[in-house]
Every structure is written in C-alpha cells, then in structure tokens.
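Student: First the structure, which I've put down as structure tokens, then a few questions once you've had a look.
Number of protein chains: 2
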Amino acid sequence: MAAQDAAQNALQAHQTHNHRACIEDALATARELCAARGVQLTPIREKVLQIVWRSHKPVGAYEVLDELSRSHKSARPPTVYRALDFLMGEGLIHKIESLNAYLGCVEAGAPHSGQFLICRHCGATEEIVDRKLETALEAAAKRTQFAAERKVVEISGLCARCAR
Amino acid sequence: MAAQDAAQNALQAHQTHNHRACIEDALATARELCAARGVQLTPIREKVLQIVWRSHKPVGAYEVLDELSRSHKSARPPTVYRALDFLMGEGLIHKIESLNAYLGCVEAGAPHSGQFLICRHCGATEEIVDRKLETALEAAAKRTQFAAERKVVEISGLCARCAR
DNA sequence: TGCGCCAATGCTACACTATAACAATCCGCC
DNA sequence: GGCGGATTGTTATAGTGTAGCATTGGCGCA
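Protein chains in written order, with my numbering: chain P, 166 to 329; chain R, 166 to 329.
Shown next, in the form of structure tokens:
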C-alpha cells in the first residue's frame, strides 16, 4: 500500500537518528535561548514546541491544538497561534507557507529564513542551509535594488527514499 | 499618509508602463496558448485571468470572486478556484504561497515555478527569472538526491521605490 | 433525430486556517 | 496594597479552500 510505504519511509527516516534526543536537544536549546534573551518559554509554549518537534513533518496548527488539548483542556485556536507566533519570533520554528504548517528549526538562535526540501510522498521535510543559494537570493534581490527581509524557499518533490 | 503613499507608489509603478497593453498581451498570449493546446479558455476563465492581471499585486481568491460576481452573478467559491486551478495548470498564473494570493505569469507558456519579489509596503510583486538562482536551487536539491518538482521562492521586503 | 459522453458550470454545504476583541489572571515591583 | 505588563481564557468571526452531486451544453455517432 502506497500510504503505508510512505509512512514507513517517514518512520525509517526517524529511526536513522534518535529522535527522542532530537526533541530534547531542541527543547534544551530553546530553554537556554529564552533564558538568555529574558523571554518566557512558558509551559504552553514549551509544549507546543515539543508537539511541533514530534516529527520531521510540518504540523498544522489545528493538529497542534488537538494534541495540546490533551494536557491543556482550555486550549483554543488563539492559544496555539500565540504560541506559534512566539516560537517563530524567537526563531525556534518555521512556517512552511506552501503547506500552512509549522516545523522545528534546526538552527535555532541564528536568525534566518529557512530553505526546505518537502517530500510530497512521505511528508518528511528537511531544512537545508545552503550558502550559495543564500548568495543567489541576495544577488537576485539586489539586482533590482530590492531590500529583502524574508526569504521563502520551499522545494517540493520526492526525497531520495521515496523516489526509488 | 503612509497608506496613500504606498498606493501612490503602486500606481506610479503601473504608470511606468501601459498596463492596458500589459493585460491585453497576457490575454492574447493565453488565447493562443490554449488554442494551441486544445484546451478551452472559457469566458469565466478569461475573465478571471483578466481580473488577476488588473494589477501587479497578488489578488486573493475572494477578491477575484467579488469582481467576477459583477459579470457572473452565479459565481461561487468553486467557480473561482476551478478557474484559478485551470490557469495555474496552464502556467498562466502563479500562486503566491506566503500571501494566499494569485498573480499573472509573465512567462506564460514556459513551464516554471516563479521567483518573486514582494513589496510589503505597496504590495507590488515582481516575477524575476534568475538563472543563477535556478541553478542554486537545483544544486541544493541534488545534494541530497532530492527530486525537485515545484520550487517556491518568495522574497519579501521593500521595493526600490518604497525603500527610499 | 435521438442518444450517450465528456467538459464545464451551478449549487449547497462544509472543512480548514487564522484573527479580533475583550476579560481574567498572574507576577514582579514600588 | 496596588499598579503595570505579560500571558492566558473565552467567544465570536473572518478568511481560505474543497467535497459532492446536479445541471447544462456541445459534439460525435448510430
């Protein structure tokens, strides 16, 4: 079954690393970063960050809400969007515009717009940091004296595993 | 007033070229292309294309619907989305993911994902065709054996006029 | 002529994504 | 104790997009 294969691929992708550690790293980094900046990583915000990090697939806001509701019964859409906005503001997560979904940032702390490879089959999304691509973006903007602020780069297709 | 200035800038941007001709070119190209491909550029589809081309700002689907309703009273959301889907399928318009809005394609006929410079002040959005950027995108994907299909590149910031 | 097919449109309802606006609470500080 | 700012609670609603089935209209063909 194709859907099963896709799920399997995503699962294997997760198994190629210790995802529990992956989440813990992200949370630890977030705690340090927030402490250093004097902003509050409240329980709700931390929980939302954890939910977003549960997989390497972008997660929709209402999916976050469903999950968050288990521990915070009073959670409503604004609860989630506020937390997501905070986390984006601190550079801890990214929004994937072409999916209206959110993904943990692998370079938390370094302010940047992300660049993403999104597999349309298994959903796994990888954030890449490509200096040449960054340079090309800057150059393209500069060519028309455009002052770039945010750069959205989202490449959809098939990941190596799903393409075989 | 800032909003007035922005509107003024967008207006001037339009005045730097003959936008009426601009629209007519787009419609003529679309007609030729559809005829050559044996697909139907129906009145609704043509009207939607014209509405999208009314400005160089991305237009929301419901904005299109409002406008379309004047000539087609029975128009409903599906009417608009079907037309937009058709036009995207034929490469006549692009969707700007970060705005959930649609923009006429300046390179109709040549299949491509667009690259866009979006001014957050006046809203004017320019489609650029940057070969180096394209190459950098391909290279970035290839690096992880990712089979790229669609590439979303949307740079937000301030256009030269609004940055002054 | 009448039938069947297919593309396009009509139409209702609904799902999903996101925000406005105001109230309540908590907590540190004077 | 009370003030002020940040956070969360709460209700309602705005904005974006699709499912699903009915209807129409043109075109080929028996």
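By construction, the Cβ of each residue, glycine as well, lies at the ideal position given by its N, Cα and C atoms.
Does DSSP put R:L206 in a helix, a strand or coil?
Tutor: Coil.
Student: Can you find a CB in chain P that lies within less than 8 Å of the CB of R:A306?
Tutor: Taking Cβ atoms only, chain P reaches closer than 8 Å to R:A306, which makes this a yes.
Student: Would P:I261 pass as a contact of P:Q280 if the rule is Cβ separation under 8 Å?
Tutor: Their beta carbons are not under 8 Å apart, which means P:I261 does not touch P:Q280 by this criterion.
Student: Tell me whether P:K222 sits in a helix, a strand or coil according to DSSP, three-state version.
Tutor: Three-state DSSP puts P:K222 in coil, outside helix and strand.
Student: Given that R:A309 touches chain P, what residues does it touch there, using C-beta distances under 9 Å?
Tutor: This sequence places Thr at residue 309 of chain R; Ala is not what is there. Here the neighbours are L282, E291, I293, C324, A325.
Student: Could one say the Cβ of R:V318 lies closer than 8 Å to chain P's Cβ atoms, at least one of them?
Tutor: Closer than 8 Å: yes.
Student: Taking Cβ to Cβ, would you say P:G269 is nearer than 8 Å to P:G256?
Tutor: Contact: no.
Student: Please list, in chain order, the chain R residues whose beta carbon lies closer than 7 Å to that of P:E272.
Tutor: Neighbours of P:E272 on chain R: none; closest Cβ ~15 Å, over 7 Å.
Student: Could one say the Cβ of P:L298 lies closer than 8 Å to chain R's Cβ atoms, at least one of them?
Tutor: It does; some Cβ of chain R falls within 8 Å.
Student: Can you say whether R:Y227 is buried or exposed, counting buried as having 16 or more other CB atoms within 10 angstroms of its CB?
Tutor: By the neighbour-count rule (16 or more Cβ atoms within 10 Å), R:Y227 is not buried but exposed.
Student: Mind listing the chain P neighbours of R:E262? Cutoff is C-beta to C-beta under 8 Å, in chain order.
Tutor: Residues of chain P passing the Cβ test: E262, S263, V317, E319.
Student: Need the endpoints of the beta strand (DSSP E) that R:G254 sits in, please.
Tutor: From DSSP, R:G254 is part of no beta strand (DSSP E) but of the alpha helix (DSSP H) over 242-254.
Student: Got a sec: is the Cβ-Cβ distance from P:A313 to anything in chain R below 8 Å?
Tutor: Taking Cβ atoms only, chain R reaches closer than 8 Å to P:A313, which makes this a yes.
Student: Compare the C-beta of R:H302 against all C-beta atoms of chain P and say whether one is closer than 8 Å.
Tutor: Per the sequence shown, residue 302 of chain R should be read as Leu rather than His. Output row for R:L302: interface = yes.
Student: Hey, how far is the Cα of P:A325 from the Cα of P:G288?
Tutor: So the two alpha carbons sit approximately 12 Å from each other.
Student: Residues of chain P with CB closer than 9 Å to the CB of R:A328, please, in chain order.
Tutor: Chain P residues near R:A328: Q310, F311, A312.
Student: DSSP puts R:K316 in a beta bridge; with which residues?
Tutor: Answer is P:I320.
Student: Would the beta-carbon of P:V204 fall within 8 Å of that of P:Y267?
Tutor: Not in contact: P:V204 and P:Y267 (Cβ atoms no closer than 8 Å).
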